[in-house]
Amino acid sequence: MLFKQWNEIAEPRHHLDSPLAVGIDDESLQKGSLPLVELPNINWNKFHKIFLTTGIMDPLFPKELLGVMKLGDIRTTLTIDRNQQHENGEYSWNFEENFPNEVNLNGGQDNDDGQSLTFVTTVEAFGDCLLVGVKENFLKVSPIIYNRIAQVLLSVFDGTHHELKVLGTSDRITELKSISHLRSDLQPPEFVTGFIGSILTQLTVKNIPFEGFIAPSEGAIGFEKMSMNTMPELIDICGQWINGNSEKYRSECYRHWRLDSGAVGSLSGLYV
Amino acid sequence: MTRTLLIPLVSTGNVPQLTTDLVLHSLSKEFQFVKCLDSTYLHPFVGPLDYVFEQQEPVLFNKSNVNKNYSTALELFYNESRSLYVIQQRTPVIQGYLNNFVKEIICPLVQEFKITDVVILDSFGALDEDIVANTSRTSKTNSFYSDAICQVRSVGEVVREMESGLHLNPASEQQSNNNVISTLFQFTNDSVQQEVSTRQQAFKFAYHLLNSPVSELQRIKYCSAFVHEGDNSYDAHLLCDHLPNVIEGFAKINVHTPPISWKGVYGTRPIPTSFDEGIYI
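So the protein sequences, as listed, match chains F and G. 1 is the number of the first residue of the first sequence in UniProt numbering; add one for each residue after it. 1 is the number of the first residue of the second sequence in UniProt numbering; add one for each residue after it.
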């Protein structure tokens with residue numbers, strides 16, 4: 001049984017606090033430091049198809065079947081200037097009560113010696129395809145990280161050498177929507193946020209050709225669930241893109257989906 | 001000649017953004033899309049182009065020769081007949097990056113388009129402690145609005161004003177929230193707010209604008225509405241009607257046409273069908 005969270009006072013809906021704002025002085029008039037993105041040393045032009053997606057789509061790329069290999073890491077480091085931090089630890093993100101498994105960011109022992117936070121995204125490849133799947137987490141990762149990764153990534157990809165495929169989710173839509181640089185099925189007030197939102201912003205601003213799909217999901221960024229109805233559609237689409245539309249590919253996708261608990265409604269067989 | 005830039009702050013009930021929607025879409029034949037502004041410091045956002053119900057296509061975006069299919073988090077529009085630039089901001093600034101946003105995006109924009117008047121739209125509610133605590137609502141007013149003006153004068157005067165008004169001593173800041181600048185903005189007598197707190201977004205906008213090389217800037221105007229969070233579309237209509245009081249030479253918009261994105265925002269959005277037992281609905 002999952003209970004909804006509640007608060008005595010509802011937070012105004014325009015407040016979207018960022019976990020990385022720990023120690024940031026709201027009254028400061030100084031600029032905040034930007035995360036530094038380091039790309040792995042890869043010959044990007046060796047690959048034709050580039051998949052830009054998030055962790056929830058992992059089951060669409062079964063590692064053993066496709067022979068997915070790790071090429072390197074995109075390391076994003078944010079150095080926080082702790083000089084401005086309030087000494088009494090007024091700002092704390094203590095999740096222990098509600099999220100016992102989450103890392104306690106600032107409460108408990110103060111590990112403030114390490115003034116930088118690093119976010120790692122794995123870059124993988126199979127055949128002539130490159131796969132960048134960002135593991136989102138609204139509790140730990142500030143959106144500035146996604147914005148910067150998207151900016152840096154799309155400075156190495158272009159529409160002439162690469163075929164860009166974008167797979168994302170949105171809780172504002174009720175059915176699978178096709179998107180590309182030429183047209184979009186999205187209707188106001190539907191929108192996309194998170195890492196895929198950052199990627200689409202860069203693609204739009206830089207006018208880079210792409211195609212992709214946005215799947216309906218529910219839940220907070222990084223903890224989305226997709227419906228079982230969406231899965232077959234996504235498997236069909238992705239199967240065509242990677243020429244793996246076999247029964248074996250299909251069953252592997254379903255298996256991984258169940259393992260990752262990416263979908264609600266998955267059967268657990270005869271066992272509880 | 002005055003050239004005005006209208007900036008909606010993401011604040012209680014999203015009233016400034018909704019008001020901006022009304023201005024842009026009611027006058028969609030007069031406005032044209034100028035460009036997408038850098039949205040690095042904002043929460044990511046991409047959506048379809050917004051339009052008015054009777055229109056077959058997004059008129060607002062058609063006049064510029066940009067092949068555009070998506071809206072991004074921060075866009076600039078221009079109305080030539082009214083010399084009015086309007087920013088539409090669709091997501092909040094990422095926490096900790098407001099100073100970067102104002103210094104790197106807004107100030108250069110004011111300089112680039114030789115803006116003389118910056119109009120900041122804001123809203124606050126009973127839960128906005130920073131503002132409520134600093135609002136001495138002693139004068140009985142029937143107005144829900146706060147209008148203020150900051151005349152940009154000589155740099156020396158500005159510096160003196162900042163020094164006398166600001167007490168950037170971290171120890172005293174923690175003890176009290178009363179960091180109020182009463183001399184920066186001159187509020188009208190019937191305003192709800194009579195001063196600006198240093199914790200408000202508007203203060204940072206004013207501070208950085210006054211401290212950056214924006215040669216043509218003459219006035220920073222501030223307009224804030226007191227609202228209750230809920231269905232705030234009516235508040236947006238009222239604030240839109242109030243705009244002629246703050247924007248010089250801006251005639252009242254007689255017929256308000258909200259964009260199609262408003263449909264279904266307040267309670268009538270279709271419930272996602274994806275889950276039989278929707279855990280988050």
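No residue lacks a Cβ here, since even glycine has one placed at the ideal position from N, Cα and C.
*What does aspartate 231 (chain G) reach in chain F if we use C-beta pairs closer than 9 Å?*
Chain F residues near aspartate 231 (chain G): none, gap ~12 Å exceeds 9 Å.
From F:Ile74, F:Glu247 and F:Trp241, residue whose alpha carbon lies closest to that of phenylalanine 126 (chain F): F:Trp241
Next item on the list: Go ahead and pull the three-state DSSP assignment for isoleucine 173 (chain F).
Entry: coil
_Beta carbons nearer than 9 Å to chain A: which residues of the stretch 170-191 of chain F have them?_
Absent from the structure is chain A; the protein chains it does hold are F and G.
* **Where leucine 128 (chain G) falls, given that 16 or more other Cβ within 10 Å makes a residue buried** => It should be pointed out that residue 128 (chain G) corresponds to aspartate in this sequence rather than to leucine. Its Cβ being crowded by 16 or more others within 10 Å, aspartate 128 (chain G) is buried.
| message | Within the continuous alpha helix (DSSP H) that includes tyrosine 254 (chain F), where are the two ends? | response | 247-259
- Task: Reducing DSSP to helix, strand and coil, say where residue 280 (chain F) ends up.
- Result: This structure cannot settle anything about residue 280 (chain F), because the visible part of chain F is limited to 1 through 272.
Would cysteine 36 (chain G) pass as an interface residue toward chain F - the criterion being a Cβ-Cβ separation below 8 Å? yes
8 Å Cβ cutoff, phenylalanine 69 (chain G) in contact with chain F
Correcting the residue identity first, residue 69 (chain G) is asparagine in this sequence and not phenylalanine. So yes, asparagine 69 (chain G) belongs to the interface.
Taking the straight line between their C-alpha atoms, what separation do you get for glutamate 233 (chain F) and valine 134 (chain F)?
22 Å
Q.
On the DSSP bridge list, what partners appear for phenylalanine 126 (chain F)?
A. F:Cys129
Unbroken alpha helix (DSSP H) run spanning aspartate 50 (chain G), endpoints
Premise fails: aspartate 50 (chain G) is in no alpha helix (DSSP H) and is neither H nor E.
Exercise. In three-state terms, what does DSSP make of valine 227 (chain G)?
Worked result: coil
Taking Cβ-Cβ distances shorter than 8 Å, what residues in chain F pair up with threonine 72 (chain G)? Thr201, Thr204 and Val205
- Query: Is leucine 76 (chain G) near lysine 103 (chain G), with beta carbons less than 8 Å apart?
  - Reply: no
query: Using a beta-carbon distance cut-off of less than 7 Å, what residues from the stretch 42-53 of chain G approach chain F?
result: His43, Pro44, Phe45, Val46, Gly47, Pro48 and Asp50
Using the Cβ count rule (16 or more neighbours within 10 Å means buried), how would you classify threonine 160 (chain F)? exposed
Problem set entry | Beta-carbon proximity of lysine 204 (chain G) to asparagine 99 (chain G), cut-off 8 Å | yes
For isoleucine 80 (chain F) and aspartate 113 (chain F), the rounded distance between their alpha carbons: Residue placement at aspartate 113 (chain F) is poorly supported in this model, since its pLDDT is 47, which falls under 50; the coordinates are not used for a value here.
Inset, instruction - Taking leucine 24 (chain G) as part of the alpha helix (DSSP H), name the residues at either end of that continuous run. - result: 15-26
Could you pull out every residue in the same chain whose Cβ sits closer than 6 Å to the Cβ of tyrosine 51 (chain G), ignoring the five residues on either side in sequence? Pro58 and Ile260
Q. Serine 155 (chain F) by DSSP, collapsed to three states: which one?
A. coil
Exercise. Let me know if proline 16 (chain G) comes out buried or exposed under the rule of 16 or more other beta-carbons within 10 Å of its beta-carbon.
Key: buried
Checklist entry - So what does DSSP say about glycine 212 (chain F), is it helix, strand or coil? => result strand
#### Entry: asparagine 147 (chain F): contacting residues in chain G (beta-carbon distance under 7 Å)
Thr40 and Pro44
inquiry  = I'd like to know if glutamine 30 (chain F) contacts chain G, where contact means its C-beta is closer than 8 Å to some C-beta of that chain.
reply    = yes
Inset, instruction - Tell me whether glutamate 195 (chain G) is buried or exposed, calling it buried when 16 or more other Cβ atoms sit within 10 Å of its Cβ. - result: buried
To the nearest angstrom, how far is it from the Cα of isoleucine 173 (chain F) to the Cα of glycine 219 (chain F)? 12 Å
Measuring only the C-alpha atoms, how far is arginine 148 (chain F) from leucine 209 (chain G)?
26 Å
Q | Beta-carbon separation (whole angstroms), leucine 9 (chain G) vs leucine 184 (chain G), contact threshold 8 Å | A | No, leucine 9 (chain G) and leucine 184 (chain G) are not in contact; Cβ-Cβ is about 16 Å, not under 8 Å.
- Query: Which residues, in chain order, does the stretch 49-64 of chain F contribute to contact with chain G at a C-beta distance below 8 Å?
  - Reply: none
Quiz prompt | Start-end ranges of the alpha helix (DSSP H) lying completely within the stretch 70-127 of chain G, minimum 4 residues | solution = 98-101 and 107-112
(Q) Given 7 Å as the limit, tell me if asparagine 41 (chain F) has its C-beta closer than that to any heavy atom belonging to the ligand NAD. (A) Of the ligands one can find in the structure shown there are none, so the ligand NAD has no counterpart to examine.
Review point. Whole-angstrom Cβ separation of leucine 42 (chain G) and threonine 91 (chain G), contact assumed at under 8 Å?
Key: 5 Å
Sub-8 Å separation of lysine 49 (chain F) and glutamate 175 (chain F) beta-carbons:
no
Spatial neighbours of valine 152 (chain F) within its chain, please: CB distance less than 7 Å, with the 5 preceding and 5 following residues excluded, ordered by chain position. Val37 and Leu39
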